[in-house]
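In mature numbering (1 follows the signal peptide of the UniProt record, and there is no 0), the protein residues as written are -22 to -1, 1 to 229.
Backbone N, C-alpha and C define an ideal beta-carbon position, used for all residues, glycine too.
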Amino acid sequence: MALTEIVFFSIFLMFTLQPSTSVEVCPVLCGTQLIRFPFRLNTQSGRCGYPRLDLSCKNEAHAILTLPFSGGFTVVNIDYTFQNIWIEDPDSCAPRRILQGLNLAGTPFDLLEPRSYTFFNCSSASSTVPKLAEAKLISCLSGKDFSVVAIPTERLDLPASLSTSCSEMAKVLLPLSLSDWSDPGDGFILTWNEPDCKLCESRAGTCMFKNDTGTDVGCSGGFNDVNKDENWVYVITEAIFNLLLRSPSIN
Ligand SMILES: *[C@@H]1O[C@H](CO)[C@@H](O)[C@H](O)[C@H]1NC(C)=O
Ligand SMILES: *[C@@H]1O[C@H](CO)[C@@H](O)[C@H](O)[C@H]1NC(C)=O
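Set out below in structure tokens:
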């Protein structure tokens, strides 16, 4: 092959191995929430998002994440870089939804930093519930003459008085919430691992499907080309260009 042919072939390779331009990314707003790959709205093409990461948009104002076994939650924020999604119960009582059994089977989600809590129903007004450092009053589950509190299970060795006026309701894993459960009605955070766009997002790249049919995900643009499959083409092309620029035989 003549050098010029090598150059043209390299340029050809460079363009054909770029992520296909017909791959969709389709960012869209629902209220103020930007929804983009790997999420999509269920009204968009299936190729706008990764499988099982579809949201709906209620009244053009609130994005809703529907878990197959646990129902709908309002999306408060999506952190695309750390791959967290902050969700709330539309009725403002996330602990109730978790006590009903938060089932993440068949979803790509996990609880973020789960911690075991034991829930108690205490037959007293909230003002008289034993003050334990880490006990959280669940106001949305409490009534006039009873209070529901959640206590980290590993701290249960402490309270002698608790067992007398309180009955154990359940032991559940609670995920971290943004407010660290200072007001536990507020919602909580789930995380997802697949697809892994963290590196791409942190380099301000665009995470997208590599082609029109598969589910392999690549990264386009950003500070650094992080797509290793394509890097070698650039390395070779660059080497050839450098060689040619220094070569006296090119005219
Ligand atoms: C807590 O106990 C009271 C009776 O002591 C009951 O009426 C109430 O429904 C219970 N609350 C929960 C959330 O189980
Ligand atoms: C698209 O990518 C998948 C892998 O995700 C691969 O199996 C398939 O052959 C590719 N299709 C085309 C048309 O390149």
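Buried versus exposed call for residue 78 [16 or more other C-beta atoms within 10 Å across all chains shown]: Start at 1 with the first residue of the sequence shown, and residue 78 comes out as number 100. Exposed is the call here.
Alpha-carbon to alpha-carbon, residue 191 and residue 174: Within the sequence shown, residue 174 is the residue found at index 196, counting from 1. Within the sequence shown, residue 191 is the residue found at index 213, counting from 1. Using only the alpha carbons, I get a separation of about 18 Å.
Around the Cβ of residue 47, are there at least 16 other Cβ atoms within 10 angstroms (buried) or fewer (exposed)? Here residue 47 is taken as the residue at index 69 of the sequence shown, counted from 1. Its Cβ having fewer than 16 others within 10 Å, residue 47 is exposed.
Own chain residues within Cβ distance below 8 Å of residue 45, not counting five before or after: Along the sequence shown, one-based indexing puts residue 45 at 67. Cβ within range, chain order: 51, 80, 81, 82, 85, 87.
Note the first and the last residue of the continuous alpha helix (DSSP H) segment covering residue 100. One-based indexing of the sequence shown puts residue 100 at position 122. Segment 93 to 100 is the beta strand (DSSP E) holding residue 100; no alpha helix (DSSP H) there.
Use the C-beta contact count for residue 96: other C-beta atoms within 10 angstroms, 16 or more gives buried, fewer gives exposed. As a first step, residue 96 must be located in the sequence shown, where it is residue number 118. Residue 96 comes out buried.
Mind checking which residues open and close the beta strand (DSSP E) that includes residue 146? The count along the sequence shown starts at 1 and reaches residue 146 at position 168. Element bounds for residue 146: 144 to 152.
How would you label residue 60, buried or exposed, when you count the other beta carbons within 10 angstroms and need 16 or more for buried? Along the sequence shown, one-based indexing puts residue 60 at 82. Per the 10 Å Cβ criterion, exposed.
Have a look at residue 91 and residue 143 and give me their C-alpha separation to the nearest angstrom. For the purposes of this step, residue 91 is identified with residue 113 of the sequence shown, where counting begins at 1. For the purposes of this step, residue 143 is identified with residue 165 of the sequence shown, where counting begins at 1. The straight-line gap from Cα to Cα measures roughly 31 Å.
Does the Cβ-Cβ distance between residue 35 and residue 8 come in under 7 Å? In the sequence shown, counting from the first residue as 1, residue 35 sits at position 57. In the sequence shown, counting from the first residue as 1, residue 8 sits at position 30. Result yes, Cβ atoms of residue 35 and residue 8 sit closer than 7 Å.
Using three-state DSSP, classify residue 117 as helix, strand or coil. Residue 117 sits at position 139 when you count from the first residue of the sequence shown. DSSP places residue 117 in helix when its eight states are reduced to three.
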